Amino acid sequence: MNAGMGFKLSHLQSMLLFALLISIAFGFLSRRQPIERVKYIVSSLLLFLLIGVGIGWAMYPFSR
Amino acid sequence: MTAPIAPRQDSARETTAPETPSQDSRRETMAYVIGVAGWLVPGLGHALIRMWGRAAMCFLTVGTLVILGAGMRGNVFSSAANDAFDWLGYLADLGTGTFYLVARSLETGGPDVSHAGGDYGTRFLATAGVLNLLSALHAYEAARGRKA
Numbered sequence: 194m195n196a197g198m199g200f201k202l203s204h205l206q207s208m209l210l211f212a213l214l215i216s217i218a219f220g221f222l223s224r225r226q227p228i229e230r231v232k233y234i235v236s237s238l239l240l241f242l243l244i245g246v247g248i249g250w251a252m253y254p255f256s257r
Numbered sequence: 255m256t257a258p259i260a261p262r263q264d265s266a267r268e269t270t271a272p273e274t275p276s277q278d279s280r281r282e283t284m285a286y287v288i289g290v291a292g293w294l295v296p297g298l299g300h301a302l303i304r305m306w307g308r309a310a311m312c313f314l315t316v317g318t319l320v321i322l323g324a325g326m327r328g329n330v331f332s333s334a335a336n337d338a339f340d341w342l343g344y345l346a347d348l349g350t351g352t353f354y355l356v357a358r359s360l361e362t363g364g365p366d367v368s369h370a371g372g373d374y375g376t377r378f379l380a381t382a383g384v385l386n387l388l389s390a391l392h393a394y395e396a397a398r399g400r401k402a
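Chains as they are written, first to last, in my numbering: chain A, 194 to 257; chain B, 255 to 402.
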């Protein structure tokens, strides 16, 4: 891969991908049953996004 | 009148003979080998103990994070570290095992952390390493017979 083929992702896309991949990994490592894994992945993903967006908004007053 | 309920018995515990010290040490050695294999090639540790789903997940997630991180031109730290943070980054990147070499070979253009994408790429690479170390530790514990 050369520099010209680099991925161009926005903040939100990067955060979504990161949260999704880590949630899947944690779900598979920490749970055995498929239904439990799905529940864990969904709840973990939602928490990642909620906390990420929450921290983003919490920093908003200091960004100017 | 109902019959008294018999206490629940763990049949596996009853039928499993206690391990001898030599079996125990062999199992410990195998667990180390599995842990190191899991670090060198993401997912290999779990594959060796036939946890196929976890093996595939580990390989795919660590691989995807490394490809994305290198593609976003994140910083792949080298041993020529300048400060403690560079060393920590290097250690985290080394956590990906052989995928560290893949990241270095993919990123021919060098890092570009002047934009957010490159910064995210650096985090993706470090997270891939730490995640792989966690996975290797999980495989080691599972091989030792701990609940996993």
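Backbone N, C-alpha and C define an ideal beta-carbon position, used for all residues, glycine too.
Every value quoted in this text rests on a predicted model; they were computed, and no experiment measured them.
Aspartate 340 (chain B) carries a helical assignment under DSSP once its states are collapsed to helix, strand and coil. For serine 223 (chain A), the enclosing alpha helix (DSSP H) begins and ends at 204–223.
Residue contact with chain A for methionine 284 (chain B): absent (no Cβ-Cβ distance below 8 angstroms to any residue of chain A). In its chain, beyond the 5 residues on either side, Ser216, Ile217, Gly220 have a beta carbon closer than 6 angstroms to the beta carbon of isoleucine 234 (chain A).
The segment 361–379 of chain B makes contact with the segment 324–341 of chain B: 3 or more CB pairs, one atom from each, lie closer than 8 angstroms.
Residues Gly292, Trp306, Arg308, Ala309, Cys312, Ser389, His392, Ala393, Ala396 of the same chain have their beta carbon placed closer than 8 angstroms to that of histidine 300 (chain B), with the five preceding and five following residues left out of the count.
For alanine 370 (chain B), the neighbours in chain A by C-beta distance under 7 angstroms run, in chain order, His204. Contact annotation: threonine 362 (chain B) and leucine 319 (chain B) have beta-carbon atoms that are not nearer than 8 angstroms. By the neighbour-count criterion, in which 16 or more other beta carbons inside 10 Å mark a residue as buried, valine 231 (chain A) falls on the exposed side.
When the beta-carbon positions are compared, leucine 202 (chain A) and glycine 399 (chain B) stay at least 8 angstroms from each other. Interface criterion not met: the Cβ of serine 332 (chain B) is under 8 angstroms from no Cβ in chain A.
At a cut-off of 8 angstroms, the C-beta of threonine 381 (chain B) has a neighbouring C-beta in chain A. Proximity of chain B to alanine 212 (chain A) at the Cβ level (cut-off 9 angstroms) is not reached, the minimal Cβ distance being about 11 angstroms. Interface residue (Cβ-Cβ distance to chain A less than 8 angstroms): arginine 304 (chain B) is not classified as such. Residue contact with chain B for glycine 249 (chain A): absent (no Cβ-Cβ distance below 8 angstroms to any residue of chain B).
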